[in-house]
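Our numbering numbers the first residue of the sequence shown as 579 and each following residue consecutively.
Scroll down for the structure; my scribbles are underneath it.
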Amino acid sequence: MIQSTAFDYINVLDKAADASWLRETVIANNISNADTPGYKRRDVDFETLLKHQLAKADRFDSLDKKIKETELPLITATAHIDAASYPYDYRLDGNNVDIQTENVELASEQIRYQVIANSISDEFTAIKAAMSK
């Protein structure tokens with residue numbers, strides 16, 4: 579993590595990239611355990627953590643101010659068992675992984691990771707351009 583206000587967005591994007599990478603890993607693990615009896619689907623929810631941190635600021639504050647006041651160490655994504663999918667335990671072996679859904683989620687997360695990586699690159703490009711003037 580870079581300790582400067584010039585890098586606030588990059589620090590948040592870095593956390594988002596870490597969360598996206600973790601989510602890809604968790605989804606791949608779900609896919610590999612699709613035939614494991616009793617296995618429960620796992621997921622990562624970074625967006626809720628970020629929204630919670632951003633909501634601490636005044637709702638009329640600018641995004642810049644909200645990002646600046648964000649406590650980044652508190653935004654650490656972790657894997658959890660997806661309790662919302664429990665009602666959908668439709669398999670007799672107790673496994674609740676739907677392989678088609680997981681493949682769609684994996685493709686979506688790969689696109690999200692690319693967008694985050696491009697955003698980080700764009701932020702560095704903007705900083706570099708500002709420094710060269």
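Glycine residues also receive a C-beta, built at the ideal position from the N, C-alpha and C atoms.
Nothing here was measured: the structure is a model prediction, and the numbers come from that model.
Distance, Cα to Cα, K634 vs T626? As a working mapping, residue 634 is identified with position 56 in the sequence shown. As a working mapping, residue 626 is identified with position 48 in the sequence shown. Roughly 13 Å between the two C-alpha positions.
Classify R619 as helix, strand or coil using the three-state DSSP reduction. What you label residue 619 is simply residue 41 of the sequence shown in a count that begins at 1. In this structure, R619 counts as coil in the three-state DSSP scheme.
Please report the straight-line C-alpha distance between A594 and K629, rounded to a whole angstrom. Counting from 1 along the sequence shown, the entry for residue 594 is found at position 16. Counting from 1 along the sequence shown, the entry for residue 629 is found at position 51. Their Cα atoms are separated by approximately 12 Å.
Skipping 5 residues on each side, what residues in its chain have a beta carbon closer than 8 Å to that of R620? Translated into the one-based positions of the sequence shown, residue 620 becomes position 42. These residues qualify, in order along the chain: V604, N607, N608, A657, H658, I659, D660.
Indicate the three-state DSSP secondary structure (helix, strand or coil) for I653 in the structure shown. The sequence position of residue 653 within the sequence shown is 75, counting from 1. Secondary structure of I653 (DSSP, three-state): coil.
Closest residue to N674 among D700, R601, S610 (Cα-Cα distance): Here residue 674 refers to the residue found at position 96 when the sequence shown is read from its first residue. Out of D700, R601, S610, S610 has the C-alpha closest to the C-alpha of N674.
Going by the beta-carbon positions, is the gap between I698 and L591 smaller than 8 Å? Translated into positions along the sequence shown, residue 698 becomes position 120. Translated into positions along the sequence shown, residue 591 becomes position 13. The answer is yes: Cβ separation under 8 Å.
Going along the chain, which residues of its own chain have a beta-carbon closer than 6 Å to the beta-carbon of A612, five neighbours each way excluded? As a working mapping, residue 612 is identified with position 34 in the sequence shown. Same-chain partners within the cutoff: V675, I677.
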